[in-house]
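Note sheet for the following structure.
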Amino acid sequence: MKIAVLDDYAGAALRLADWDGLDVTVFDDTITDHDALVVRLAPFDVVCLMRERTPMPAALIAALPQLRLIVTTGPRNAAIDLDAARAASVTVCGTPSRKTTTSELAVLMMLALNRRLLPEVAALHGDAGWQVGLGRDVAGLTLGLIGLGNIGAQMAVLVRALGMDICAWSQNLTDARAAEVGVTRMDTLADLMAASDVTSVHLVLSDRSRGLLDATAFAAAKPGQVFINTSRGPIVDTQALLAGLRAGRPAMAGLDVFDVEPLPADDPLRDTGLIASGQLLLTPHLGYTTEATFTLFYRETVAAIHAWAAGSPIRVLT
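Numbering (the working numbering), first residue to last: 1 to 318.
Have a look at this one:
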């Protein structure tokens, strides 16, 4: 049984789990070309995925006749064609997940942007040699949560301790859910954008959420607003966001997720002017990348492989 572990950017897979007795090959890069990916994966019986870094569409599954098992980290993976896997007699298993790390990163980005952390660090090490601007306290500001699921609710707990007021909106948000979390429900996205000093996106990518944050949404942004997306890149219209930043609505943005990952070197978001000014903070999808989370992911990946090999697969995705 030959096993491929894909997209291990941090070189963590072999260190964080016991793969003893298994024939494992670890790849630390992402291949997007279909033909090249087929060549890479053709020898393997088992492919281990890190979330949605490498998609497994029907065409790829069909091109891998030796494939018998896919293990994805996390309890679901929208980038796997489960119907195609089932048709090819490929078992797909998941792992448990931790639900604390993304909210922590979103708060970190909020604080870094409001306090001008990166431009001030650059000034310290540059020609200025010391501070050059003023940051903004978050106590007393209003955080607008776009989505109030598990991560949105965690955000409410964290920022309440910082003295922030909290409102929320999503297509499905009810008064009962807002009351349960202790936040104010807004009637429309425009209302939330107009009321929020900081907005943070916590939605699942779907047909309804794709492109939701568009030019109309950003035009409604409160002056001085900081916009944060740690959810999924395509929820935000990138061109609308860039135009909005240049027009001052929003005033600043922090993005941890992108339409294409890894972010291409020529992507318009790599705008050196916006980045140098402190208006735009980009991070390479760090929301879930912590020691504790990856230890759980890789140990449970190994457990899933052993269970499948013993004829009793666990956490089978359907």
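Built from N, CA and C at the ideal position, the CB exists for glycine as well.
Since this is a predicted model, take the numbers as computed values, not measurements.
(message) Using the Cβ count rule (16 or more neighbours within 10 Å means buried), how would you classify Asp127?
(response) The residue given as residue 127 occupies position 127 in the sequence shown. Residue burial annotation: Asp127 is exposed, with fewer than 16 other C-beta atoms found within 10 angstroms of its C-beta.
(message) Residues in the same chain with beta-carbon distance under 6 Å from Leu280, minus the five sequence neighbours each way, listed in chain order, please.
(response) Counted from its first residue, the sequence shown places residue 280 at position 280. Beyond the five residues adjoining it in sequence on each side, Leu280 comes within less than 6 Å, by CB distance, of Ala253 and Leu274 in the same chain, given in chain order.
(request) Select from Leu22, Leu118, Thr295 and Gly311 the residue whose C-alpha is nearest the C-alpha of Thr95. (result) Locating residue 95 in the sequence shown gives position 95, counting from the first residue. Residue Thr295 holds the alpha-carbon nearest to the alpha-carbon of Thr95 among Leu22, Leu118, Thr295 and Gly311.
(message) Which residue marks the beginning of the alpha helix (DSSP H) containing Ile151, and which one marks its end?
(response) Counted from its first residue, the sequence shown places residue 151 at position 151. First-last of the alpha helix (DSSP H) with Ile151: Asn150 to Arg160.
(request) Would you list the one or two residues that DSSP bridges to Arg185? (result) Locating residue 185 in the sequence shown gives position 185, counting from the first residue. Arg185 pairs with Ala168.
(request) Put Val38 into one of helix, strand or coil per three-state DSSP. (result) Residue numbering aside, residue 38 sits at position 38 when the sequence shown is read from its first letter. Correct three-state label for Val38: helix.
(message) Measuring alpha carbon to alpha carbon, tell me which residue in Val71, Val107 and Thr102 is nearest Val92.
(response) Taking the sequence shown and counting its residues from 1, one reaches residue 92 at position 92. Scanning Val71, Val107 and Thr102 for the CA closest to the CA of Val92 turns up Val71.
(message) Given this structure, state the Cα-to-Cα distance separating Ala320 from Val46, to the nearest angstrom.
(response) The structure shown does not extend to residue 320, since the chain is modelled only from 1 through 318, so no value can be given for it.
(request) Could you check what DSSP says for Pro144 in three-state terms: helix, strand or coil? (result) Along the sequence shown, one-based indexing puts residue 144 at 144. According to the sequence displayed, residue 144 carries Gly and not Pro. Here Gly144 sits in strand by DSSP.
(request) For Ala4, name the three-state secondary structure that DSSP assigns. (result) Stepping through the sequence shown from its first residue, residue 4 is reached at position 4. Of the three classes helix, strand and coil, the one that applies to Ala4 here is strand, per DSSP.
(message) Pairs of beta-carbons, one from the stretch 216–229 and one from the stretch 186–200, closer than 8 Å: are there three or more?
(response) Contact holds: three or more Cβ-Cβ distances are below 8 Å.
(message) Which residue wins for smallest C-alpha separation from Ser206, given the options Val24, Asn77 and Leu69?
(response) As a first step, residue 206 must be located in the sequence shown, where it is residue number 206. For the set Val24, Asn77 and Leu69, the Cα lying nearest the Cα of Ser206 is the one of Asn77.
(request) Determine the burial state of Asp81: buried for a count of at least 16 other Cβ atoms within 10 Å of its Cβ, exposed for fewer. (result) Here residue 81 refers to the residue found at position 81 of the sequence shown. So Asp81 counts as buried.
(request) For the alpha helix (DSSP H) holding Thr30, just list the boundary residues, first then last. (result) Residue numbering aside, residue 30 sits at position 30 when the sequence shown is read from its first letter. For Thr30, there is no enclosing alpha helix (DSSP H), as DSSP marks it with neither H nor E.
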